[in-house]
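Residue numbers for the sequence shown, in UniProt numbering: 1 to 356. Where a beta carbon is used, it is the ideal one built from N, C-alpha and C, also for glycine. Note sheet for the following structure.
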Amino acid sequence: MELTPTAARPGLRHRMQQLIYGFFTAQTLHVAVRLRIPDLLADGPRDAADLAAATGADAPSLRRLLRALVHLEVLDEPSPGTFALTEQGEVLRADVTGSMRELVLLLSGPESWAAWGRLEHSVRTGEVAWDHVHGRSCFDHLMADPGRQAAFNAAMAEGSRAFVPTLLSAYDFGDLDTVVDVGGGSGALLAGVLAAHPHLRGTVLDTPDGVADAARTVAEQGVADRCRVEAGDFFVSVPPGADAYVLKSVLHDWDDEQCLRILRTVRRAARPDSRLLLIESLMPATVTTAPSVAQVVMNDLNMMVCHGGRERTVAEFRELLRAAGFRLESVTPCPAPSVVGVVEAVPSPAAPADGG
Numbered sequence: 001m002e003l004t005p006t007a008a009r010p011g012l013r014h015r016m017q018q019l020i021y022g023f024f025t026a027q028t029l030h031v032a033v034r035l036r037i038p039d040l041l042a043d044g045p046r047d048a049a050d051l052a053a054a055t056g057a058d059a060p061s062l063r064r065l066l067r068a069l070v071h072l073e074v075l076d077e078p079s080p081g082t083f084a085l086t087e088q089g090e091v092l093r094a095d096v097t098g099s100m101r102e103l104v105l106l107l108s109g110p111e112s113w114a115a116w117g118r119l120e121h122s123v124r125t126g127e128v129a130w131d132h133v134h135g136r137s138c139f140d141h142l143m144a145d146p147g148r149q150a151a152f153n154a155a156m157a158e159g160s161r162a163f164v165p166t167l168l169s170a171y172d173f174g175d176l177d178t179v180v181d182v183g184g185g186s187g188a189l190l191a192g193v194l195a196a197h198p199h200l201r202g203t204v205l206d207t208p209d210g211v212a213d214a215a216r217t218v219a220e221q222g223v224a225d226r227c228r229v230e231a232g233d234f235f236v237s238v239p240p241g242a243d244a245y246v247l248k249s250v251l252h253d254w255d256d257e258q259c260l261r262i263l264r265t266v267r268r269a270a271r272p273d274s275r276l277l278l279i280e281s282l283m284p285a286t287v288t289t290a291p292s293v294a295q296v297v298m299n300d301l302n303m304m305v306c307h308g309g310r311e312r313t314v315a316e317f318r319e320l321l322r323a324a325g326f327r328l329e330s331v332t333p334c335p336a337p338s339v340v341g342v343v344e345a346v347p348s349p350a351a352p353a354d355g356g
């Protein structure tokens, strides 16, 4: 069979080859983090033999991994056989603010890998591949293993901690007095907001496992006297009467039916003048090839595979909010390169829909 003129073009084939090889990159980063290569290079360059001894790895094989990490701009090779951490690679260290180490382990680990291996199952059936592979939901899977739950909490906390400056540049919390962070996990986001606004008081609400580290987090930020930690279930109740309710990266974990349950719970707790702030990735109405869009559309697939959730367009948020008894007021995109926006809503004058 002869190649068509289009298929024969080297540039197109090269681009497609890069896409096909994408999982090579993910696993290269995963193994580098598992071996703690970024941490071992934190104090300066080391040669490959030294790194092999420190990791217990096969020296020739490790040398090949290190070479790939140079290509990925995670490492430099200042002299033959000697490797140093790049600025890009710094974010994979365990001891830096905003570390992405736990995120790499979470998304490229064997459990996520197995679920993504059944992407076709989700596409064909509409079912959650994770549940199909592991026999239970992702969140139930995490709760069954304290180690997994702790790793997940750490990954989410680092992401929230790193996101605080972006959020503060996009939204002014200055005229609020009380904030409830619904599904706020470790409290890293709320603690950062409270630290920037000394007049503000808040409550972080999540499952008992979710808030396991929250007291320590708010204490480390120096806001423990202004931040309550509450274990609960946002499908059932949230603290009433706050000025604002924040839900960051909560709704994308759930299908529309479950999202309505969460939003109606908040609606029942809200005052007529309360605000609802949904902090979520914004799916564009028309998908483009812009690099920023890749993060949204691929994470949308991840939500489908692992949770049965989705990333949503502004129109989809508007309809969810309407059905839950809220009115969308504004959408504020966070500064580039973030793909996240702050979707602000207020309670509708009419009573919320039944079904909470």
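Quiz prompt | Buried versus exposed, by CB contacts within 10 Å (16 or more), Arg67 | solution = Residue mapping note: residue 67 aligns to position 67 of the sequence shown, counting from 1. It is exposed - the Cβ of Arg67 has fewer than 16 other Cβ atoms within 10 Å.
Self-check item: Nearest-angstrom Cα separation, counted from Arg327 out to residue 406
Solution: Any answer about residue 406 is impossible in this case: the structure gives the chain only from 1 up to 356.
Quiz item: What's the call for Asp95, buried or exposed, on a 16-neighbour Cβ count within 10 Å?
Solution: Residue numbering aside, residue 95 sits at position 95 when the sequence shown is read from its first letter. Answer is exposed; the Cβ neighbour count stays below 16.
Quiz item: When the Cα atoms are used, what is the spatial distance from Leu62 to Ser348?
Solution: Translated into the one-based positions of the sequence shown, residue 62 becomes position 62. Translated into the one-based positions of the sequence shown, residue 348 becomes position 348. Rounded to whole angstroms, Leu62 to Ser348 spans 60 angstroms at the Cα level.
Practice problem: State whether the stretch 9 to 23 contacts the stretch 80 to 91, with contact taken as three or more CB pairs (one from each stretch) at a distance under 8 angstroms. | Solution: no
Quiz item: Between Pro284, Cys227, Ser274, which lies nearest to Ala244 when the distance is taken from Cα to Cα?
Solution: On the sequence shown, position 244 is the one that residue 244 refers to. Comparing Cα-Cα distances from Ala244 to each of Pro284, Cys227, Ser274, the minimum goes to Ser274.
Exercise. Kindly confirm or deny that the stretch 207 to 218 and the stretch 183 to 195 touch, where touching means at least three C-beta pairs closer than 8 angstroms.
Key: yes
Self-check item: Inter-residue CB distance, His307 and Val123 (contact presumed, cutoff 8 angstroms)
Solution: Taking the first residue of the sequence shown as position 1, residue 307 is located at position 307. Taking the first residue of the sequence shown as position 1, residue 123 is located at position 123. 15 angstroms between Cβ atoms; not a contact.
Quiz item: In chain order, what residues of the same chain have a beta carbon less than 6 angstroms from the beta carbon of Val204, not counting five sequence neighbours either side?
Solution: The residue given as residue 204 occupies position 204 in the sequence shown. Asp181, Gly184, Gly187, Leu190, Ala214, Val229.
Self-check item: Proximal residues to Val346 (C-beta, below 8 angstroms), its chain only, five neighbours per side dropped
Solution: The residue given as residue 346 occupies position 346 in the sequence shown. Cβ within range, chain order: Asp273, Ser274, Arg275, Leu276, Phe326, Arg327, Glu329.
Quiz item: Which residue comes first and which comes last in the alpha helix (DSSP H) that contains Ala219?
Solution: Numbered from 1 along the sequence shown, position 219 holds the residue referred to as residue 219. That run of the alpha helix (DSSP H) goes 214 to 220.
Quiz prompt | CB of residue 362 within 8 angstroms of CB of His132, strictly | solution = The requested residue 362 is not part of the displayed model; the chain covers only 1 to 356.
Practice problem: Measure the C-alpha to C-alpha separation of Ala290 and Tyr171 and round it to an integer number of angstroms. | Solution: Taking the first residue of the sequence shown as position 1, residue 290 is located at position 290. Taking the first residue of the sequence shown as position 1, residue 171 is located at position 171. Computed Cα separation, rounded: 25 angstroms.
Exercise. Can you check DSSP and say which residues form a bridge with Phe83?
Key: Position 83 of the sequence shown, counting from 1, holds the residue named residue 83. According to DSSP, which records beta bridges pairwise, Phe83 is partnered with Arg46.
Quiz prompt | Own chain residues within Cβ distance below 7 angstroms of Gly356, not counting five before or after | solution = Translated into the one-based positions of the sequence shown, residue 356 becomes position 356. With a pLDDT of 47 at Gly356, under the threshold of 50, the modelled position of this residue cannot be trusted, and the question is left open.
Practice problem: Within the same chain, show all residues whose beta-carbon is closer than 8 angstroms to that of Ala162, passing over the 5 residues directly before and after it, in chain order. | Solution: Position 162 of the sequence shown, counted from the start, is the residue given in the question as residue 162. Counting only Cβ-Cβ distances below 8 angstroms, and skipping sequence neighbours, we find Thr97, Gly98.
Quiz item: Grouping DSSP H, G and I as helix and E and B as strand, with all else coil, what is Leu92?
Solution: Position 92 of the sequence shown, counted from the first residue, corresponds to residue 92. Residue state, collapsed to three classes: coil.
Quiz item: If you run the structure through DSSP and keep just helix, strand and coil, what is Gly356?
Solution: Here the question's residue 356 lines up with position 356 in the sequence shown. Any reading at Gly356 must be qualified, since the residue scores a pLDDT of 47, below 50, and its modelled position is unreliable; the value itself is stated next. Coil, per DSSP.
Quiz item: Within the chosen definition, does the stretch 20 to 32 reach the stretch 97 to 116 through at least 3 CB pairs nearer than 8 angstroms?
Solution: yes
Quiz prompt | Alpha carbon of Val342 to alpha carbon of Thr82, nearest angstrom | solution = Numbered from 1 along the sequence shown, position 342 holds the residue referred to as residue 342. Numbered from 1 along the sequence shown, position 82 holds the residue referred to as residue 82. Between Val342 and Thr82, the C-alpha separation is close to 45 angstroms.
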